[in-house]
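Shown next, in structure tokens, is the structure this report addresses.
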Amino acid sequence: DTAVSQTPKYLVTQMGNDKSIKCEQNLGHDTMYWYKQDSKKFLKIMFSYNNKELIINETVPNRFSPKSPDKAHLNLHINSLELGDSAVYFCASSQGSKNTEAFFGQGTRLTVV
Amino acid sequence: AQSVTQLDSQVPVFEEAPVELRCNYSSSVSVYLFWYVQYPNQGLQLLLKYLSGSTLVESINGFEAEFNKSQTSFHLRKPSVHISDTAEYFCAVSDRGNQGGKLIFGQGTELSVKP
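Protein sequence lines correspond, in order, to chains A and B.
Residue numbering for the first sequence is 86 to 198, as defined by this note's numbering.
Residue numbering for the second sequence is 20 to 134, as defined by this note's numbering.
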């Protein structure tokens, strides 16, 4: 009964490819996020969605396009992958637009070669 | 805007010793405060949080943190650590006033507990 699940867990791909990471939460939350953790383990928010509406886009390149088909899902599509996109991507969710407790997925380790 | 500084990138300690992981934050608005733990190759788990009320908050596995408004700190402490506490610990803040709920994280502190 995973609360926030991401697929795939590992993703190895070549530069220039397009890939997607899927995220689903079964907590009934209305806000979902994507975070990026770099090689130094620094975590930074990329996007926030509330009730399928984009709330935060933290100056992420246009190659990254989140899509929220419903409140329980937030997918991340990445076009024209670059070496610098290699990182661990975490999906998270919380209830309400005031974040009093966020639940994180297990992460997707993306390696671009 | 907010920022979070974790003053130690690595903290090695021996088992059963006390530990303190330091966290300072900067913010022009009121914030919620959090400590998350990340075990190797896993996601982040909420360890404890300060939303309001008592400035001393505790987790179920013996950690505690104290919110100090005057010093803008939220240090994490445990009186006696176990090998299983070895992990990366992240301090984070979020704006109480509704900014999309984003968490601002510190750089992380790697706690390494040795036998």
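C-beta atoms are modelled at their ideal positions from N, C-alpha and C, and glycine is treated no differently.
Remember, it's a predicted structure, so these values are computed and weren't measured experimentally.
is_contact[residue i, chain A] using C-beta, thresh 8 Å
| i | result |
| --- | --- |
| B/Lys97 | no |
| B/Phe86 | no |
Supposed contact pair residue j and residue i - C-beta distance, whole angstroms, cut 8 Å
| i | j | result |
| --- | --- | --- |
| A/Ile141 | B/Gly125 | Not quite, the Cβ-Cβ distance comes to about 19 Å (not below 8 Å), so this is no contact. |
CB contact below 8 Å: residue i versus chain B
| i | result |
| --- | --- |
| A/Ala187 | yes |
| A/Leu168 | no |
| A/Gly190 | yes |
| A/Thr116 | yes |
| A/Phe175 | yes |
| A/Lys137 | no |
Residue nearest to residue i in terms of C-alpha spacing, selected from the options
| i | options | result |
| --- | --- | --- |
| B/Phe93 | B/Ser99, B/Val100, B/Arg115, B/Leu75 | B/Leu75 |
| A/Glu143 | A/Met100, A/Tyr118, A/Asn160 | A/Tyr118 |
| A/Asn184 | A/Val173, A/Ser133, A/Pro93, A/Ser171 | A/Ser133 |
| A/Val173 | A/Glu186, A/Asn135, A/Gln122, A/Gln180 | A/Gln122 |
| B/Ser99 | B/Ser89, B/Glu39, B/Tyr108 | B/Glu39 |
| A/Ala88 | A/Leu96, A/Asn111, A/Ile106 | A/Asn111 |
| B/Ala36 | B/Ser113, B/Glu129, B/Arg96, B/Tyr108 | B/Arg96 |
Within 8 Å, strictly: CB atoms of residue i and residue j
| i | j | result |
| --- | --- | --- |
| A/Lys104 | A/Leu166 | yes |
| B/Ser45 | B/Thr105 | no |
8 Å Cβ cutoff, residue i in contact with chain E
| i | result |
| --- | --- |
| B/Gly72 | In summary, chain E is missing from the structure at hand, where the protein chains are A and B. |
* Asked: Going along the chain, which residues of the segment 112-133 of chain B sit with their C-beta nearer than 7 Å to a C-beta in chain A?
  -> Cβ contacts with chain A: Ser113, Arg115, Asn117, Gly119, Gly120, Lys121, Leu122, Phe124, Gln126, Gly127.
* Asked: Residues in the segment 133-163 of chain A with C-beta within 8 Å of chain B's C-beta atoms, listed in sequence order?
  -> Going along the segment 133-163 of chain A in chain order, one finds Ser133, Asn135, Ile140, Ile141, Glu143 with a Cβ nearer than 8 Å to chain B.
* To do: Select from the segment 49-66 of chain B all residues with a C-beta closer than 9 Å to any C-beta belonging to chain A, and list them in chain order.
  => Residues of the segment 49-66 of chain B with a Cβ closer than 9 Å to any Cβ of chain A, in chain order: Tyr51, Phe53, Tyr55, Gln57, Asn60, Gln61, Gly62, Leu63, Gln64, Leu65.
* Between the segment 92-111 of chain A and chain B, which residues of the former have CB atoms less than 7 Å from a CB of the latter, in chain order? -> So nothing in the stretch comes that close.
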